[in-house]
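Undergrad:
Numbering (mature numbering (1 follows the signal peptide of the UniProt record, and there is no 0)), first residue to last: -19 to -1, 1 to 225.
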């Protein structure tokens, strides 16, 4: 979202609140919204780290000596840093077929996905999630979620930054929004391309991407939280299969 469009949206939200708030309240909300618009990359990464800590505390993490952690470590051994961006991988002991990325480079893979996919298929999924970090998609989602939080509550009425004003509960809500993030079609295609790039860099075939997406389609009926935006997983698999 461009800064011009974002600021226009902020003005619209602020003006629509006027009929339900006193003048001081409107000013407070306007201040909060402006802070959401101007949040820095460092703030976004800090919130990503806080969100990861919150989610890690809520989920059972595979121990370092478990077969899941050892397998994921082996698959991602060449991916701990990408273009200067540190990447951190952990396994959630959860039967869902899911994975997600946060803007600070924290990537979480569910044991249910590891149970159902080959190493190469997992590598594609991880590469896809890395793409959301590398290309700034997860960062944009974080900013959008912050804007929604700011519009609902005058979190920065005290004059603090919006990041400092968020409560533990708000950070938790933000983290869950990021797990369920609906990326645009162009973002998903770009992340797919990055997954293919990671496969190629590791000497693997694009067939792993096709089979991974088809497994997701078979289990979820064409839609899955992991790749929740349109087009569905079957169409995405077909698109990759037809690439030269």
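In this text, a Cβ means the ideal position worked out from N, Cα and C, and glycines have one as well.
(1) Alpha carbon to alpha carbon, what distance is there between residue 110 and residue 166?
(2) Just list the beta strand (DSSP E) runs in the stretch 146 to 199, keeping only unbroken ones of 3 residues or longer that don't cross its boundaries, in chain order.
(3) By the 10 Å Cβ neighbour count, where 16 or more other Cβ atoms means buried, how is residue 168 classified, buried or exposed?
(4) Does DSSP classify residue 87 as helix, strand or coil?
(5) Would you check if there are 3 or more beta carbon pairs closer than 8 Å linking the stretch 30 to 39 to the stretch 80 to 89?
(6) Alpha carbon to alpha carbon, how far is residue 89 from residue 55? Give it in angstroms, no decimals.
(7) At 3 residues or longer, and completely inside the stretch 76 to 121: list those beta strand (DSSP E) runs for me, N to C.
(8) Looking at residue 119: is its Cβ nearer than 7 Å to the Cβ of residue 49?
(9) Thinking C-alpha only, which one of 172, 127, 150 is nearest residue 113?
(10) Less than 8 Å between the CB atoms is what I'm expecting for residue 74 and residue 200, so what's the real figure, rounded?
(11) List in chain order: all unbroken alpha helix (DSSP H) runs of 4+ residues lying wholly within the stretch 28 to 78.
(12) Taking the alpha-carbon positions, what's the residue 154 to residue 176 distance?
(13) Can at least three beta-carbon pairs, one atom from the stretch 185 to 195 and one from the stretch 60 to 69, be found at a separation below 8 Å?
(14) Skipping 5 residues on each side, what residues in its chain have a beta carbon closer than 8 Å to that of residue 72?
(15) Taking the alpha-carbon positions, what's the residue 224 to residue 195 distance?
(16) How about residue 159 and residue 122: do their beta carbons lie closer than 7 Å?
(17) For residue 213, report the span of its alpha helix (DSSP H) as first-last.
(18) Please work out which residues of its chain come closer than 7 Å, Cβ to Cβ, to residue 57, disregarding the five sequence neighbours upstream and downstream, and give them in chain order.
TA: In terms of the structure at hand:
(1) Near 14 Å, if we compare the C-alpha coordinates of residue 110 and residue 166.
(2) Runs of the beta strand (DSSP E) lying entirely within the stretch 146 to 199 and spanning at least 3 residues: none are present.
(3) If you draw a 10 Å sphere on the C-beta of residue 168, you find 16 or more other C-beta atoms in it, and that means buried.
(4) Strand.
(5) Yes, the stretch 30 to 39 touches the stretch 80 to 89.
(6) The alpha-carbon atoms of residue 55 and residue 89 are separated by roughly 15 Å.
(7) Runs found: 80 to 82, 87 to 91.
(8) In this structure, residue 49 does not lie closer than 7 Å to residue 119 by Cβ.
(9) Residue 113 has its Cα closest to that of 172, out of 172, 127, 150.
(10) No, residue 74 and residue 200 are not in contact; Cβ-Cβ is about 18 Å, not under 8 Å.
(11) Counting only runs of 4 or more, we get 48 to 56.
(12) Answer to the nearest angstrom: the Cα atoms are 28 Å apart.
(13) Because the criterion of three Cβ pairs below 8 Å is not met, the stretch 185 to 195 and the stretch 60 to 69 do not touch.
(14) Cβ within range, chain order: 42, 43, 47, 49, 50, 53, 89, 90, 91, 92, 95.
(15) Each residue's Cα considered, the two are about 16 Å apart.
(16) In terms of Cβ geometry, residue 159 and residue 122 form a close pair [threshold 7 Å].
(17) DSSP places residue 213 outside any alpha helix (DSSP H), giving it a letter other than H or E.
(18) Within its own chain, the residues whose Cβ lies closer than 7 Å to the Cβ of residue 57, once the five positions on either side in sequence are excluded, are 70, 107, listed in chain order.
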